[in-house]
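A.B. asks:
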Amino acid sequence: MIANYGYKDGSGEYYISIDTDKCIDCTAGRACLTACPKNMFEIITDDYDDEVAWVKKECTRALAYDCAACKPAGGYTSLPCTTACTPGAIKHSW
Amino acid sequence: MNAEVATAPVAEAAPEKKEFWRWQENVWFDETKKDWREAKIITCGIDVGSVSSQAVLVCDGELYGYNSMRTGNNSPDSAKNALQGIMDKIGMKLEDINYVVGTGYGRVNVPFAHKAITEIACHARGANYMGGNKVRTILDMGGQDCKAIHCDEKGKVTNFLMNDKCAAGTGRGMEVISDLMQIPIAELGPRSFDVDVEPEAVSSICVVFAKSEALGLLKAGYTKNKVIAAYCQAMAERVVSLLERIGVEEGFFITGGIAKNPGVVKRIERILGIKAVDTKIDSQIAGALGAALFGYTLMQKQAKAA
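If you read the protein sequences in the order shown, they are chains W and E.
Residue numbering for the first sequence follows full-length UniProt numbering, starting at 1 and increasing by one per position.
Residue numbering for the second sequence follows full-length UniProt numbering, starting at 1 and increasing by one per position.
1. Among residues of its own chain, excluding the 5 on either side of R245(E), which ones have a beta-carbon nearer than 8 Å to its beta-carbon?
2. Can you tell me whether DSSP reads R70(E) as helix, strand or coil?
3. Please list the partners that D47(W) has in chain E, where partner means a Cβ-to-Cβ separation under 7 Å.
4. Quick one: what's got a C-beta closer than 6 Å to G75(W)'s C-beta in the same chain, skipping five residues either side?
5. Just to confirm, are E51(W) and I16(W) a CB contact at a threshold of 8 Å?
6. With distances taken between CB atoms, is the gap from A127(E) to D47(W) smaller than 8 Å?
7. Based on Cα-Cα distance, which residue from D60(E), G263(E), C59(E), S52(E) lies nearest to N67(E)?
8. Using 10 angstroms around the beta-carbon of R37(E), count the other beta-carbons present and answer buried if the total reaches 16, otherwise exposed.
9. Where do the N-terminal and C-terminal ends of the beta strand (DSSP E) with residue 308(E) fall, by residue?
10. What residue ranges within the region 84-166 of chain E form continuous alpha helix (DSSP H) runs of no fewer than 4 residues, ordered along the chain?
11. Just how far apart, CA to CA, sit C26(W) and K156(E)?
12. Could you round the C-beta distance between H123(E) and D140(E) to whole angstroms and report it? I think they count as a contact, below 8 Å.
13. Closer than 8 Å, CB to CB, is residue 313(E) near chain W or not?
14. Spatial neighbours of L188(E) within its chain, please: CB distance less than 8 Å, with the 5 preceding and 5 following residues excluded, ordered by chain position.
15. So is N225(E) buried or exposed if we call it buried at 16+ other beta carbons inside 10 Å?
16. Taking only beta carbons into account, state which residues of the region 235-249 of chain E come closer than 8 Å to chain W, listed in chain order.
17. Name the chain E residues that come within less than 7 Å of A3(W), Cβ to Cβ?
18. Residue 100(W) lies in the beta strand (DSSP E); which residues open and close that run?
19. What are the residues in the region 59-88 of chain E lying within 8 Å of chain W by C-beta distance?
20. Using the three-state DSSP reduction, which class does E4(E) fall into: helix, strand or coil?
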């Protein structure tokens, strides 16, 4: 399942996608949990009883601001979350 | 003293304010089905949304009855009231129900629920029941959010996204326009087609600014119907842009209250170039129906395990 967390508003689309099929058997030791400076990710049991990462509900409406520091303008050459997620489950839409 | 009383100004009763936004609440049960007392497994789905709450009863995996009403200011009471409405109608008690699943924005606040499941999974499951196993793309236009969902032939979610930050493309947005135009909400859709030329969509995607823009259009000489058409078009364009992010496959199904508004539905179909799958079941109960069906599956699994 591709789970898209985020929003679209007048300024653009801000979604973090998590491919749960790649996330279920994480080979990166759930590195996303510690890689994100804002601690946006957590592990939940989803509706189909799979243990997967998701973006915390309280973070989904502020992605444009909270993720800004990890974008190139913030001094990063690659996003810490996508880099840490070696199975390639995490993607940003912007 | 008496003269003073006689001449004291009498306060005039304030004119009754019509609630044009108020949609039809509904309690229904299928009288053609066998009595619920003969069912082996009775499950219930309670969808406590931000605007409406539904309680759906499923007997042996088949829809039996439901109650759809406006959500109050407290989720547990809304859940209780929704369920009580349908139980009173058919003479059922809470202890007659084997399993209750809560869903929607207030799902964790349904006091008598055995399990809470997200509305995304429940809408997909409900749409699969209502539209059949050909349904692949679901657009749920809820009261205060909008969801685009892909599912497989069993109604299992394969891709989803949700927008709950912006009221554009939601039922609440339509309620605001209904009040502004002073036209009952059920008439908005049909009236949006009563125009000589289809207008451009209102340019504002924010409900607050769309309201200001609508007022400006009325001042500029637009008829009410033309303003409604412009708003319906804007809403359709808005949700289609959301759908395009995950892609639209054949077997397109719309759930939620806006599915009852042909002014938006026909325009979405026109933009996408595909027709939405029809159903005779109230589109607003899809989430609660899905929740009840999840409950039925869980009961079956428990029975097999025992």
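Don't be surprised by glycine CBs; every beta carbon is placed ideally from N, CA and C.
All values reported here derive from a predicted model rather than from experimental measurement.
C.D. replies: If we stick to the structure as given:
1. Cβ contact annotation for R245(E) (same chain, cutoff 8 Å, sequence separation greater than five): A148, L161, in chain order.
2. When secondary structure is reduced to three states using DSSP, R70(E) falls in the strand class.
3. Counting only Cβ-Cβ distances below 7 Å, D47(W) has contacts in chain E at I117, T118, A121, in chain order.
4. No residues qualify anywhere along the chain.
5. With contacts defined as CB atoms closer than 8 Å, E51(W) and I16(W) fail to qualify as a contacting pair.
6. Their beta carbons are not under 8 Å apart, which means A127(E) does not touch D47(W) by this criterion.
7. The candidate whose alpha carbon is nearest that of N67(E) is S52(E).
8. With a 10 Å radius around the Cβ and a threshold of 16 neighbouring Cβ atoms, R37(E) comes out exposed.
9. Within the shown structure, residues of chain E are numbered from 1 to 306, placing residue 308(E) beyond reach of any answer.
10. For the region 84-166 of chain E, the continuous alpha helix (DSSP H) assignments of 4+ residues that do not extend past its boundaries occur at 119-131, in sequence order.
11. Taking the straight line from one Cα to the other gives about 22 Å.
12. Taking a contact as a CB-CB distance under 8 Å, the pair H123(E) and D140(E) counts as one, their CB atoms being some 5 Å apart.
13. With chain E covering only 1 through 306, there is no way to say anything about residue 313(E).
14. So the qualifying residues of the chain are M174, I177, S178, M181, I228, C232, N261, G263.
15. Around the Cβ of N225(E), a 10 Å sphere holds 16 or more other Cβ atoms; the residue is buried.
16. Residues of the region 235-249 of chain E with a Cβ closer than 8 Å to any Cβ of chain W, in chain order: S241, L242, R245, I246.
17. Within chain E, the residues near A3(W) are F160.
18. A question about residue 100(W) goes unanswered here, because the residues of chain W that appear run from 1 up to 94.
19. Hits within the stretch: zero.
20. Reliability fails at E4(E), whose pLDDT of 49 lies under 50, so the model's placement of it is uncertain and the value that follows must be treated cautiously. In the three-state scheme derived from DSSP, where H, G and I count as helix and E and B as strand, E4(E) is classed as helix.
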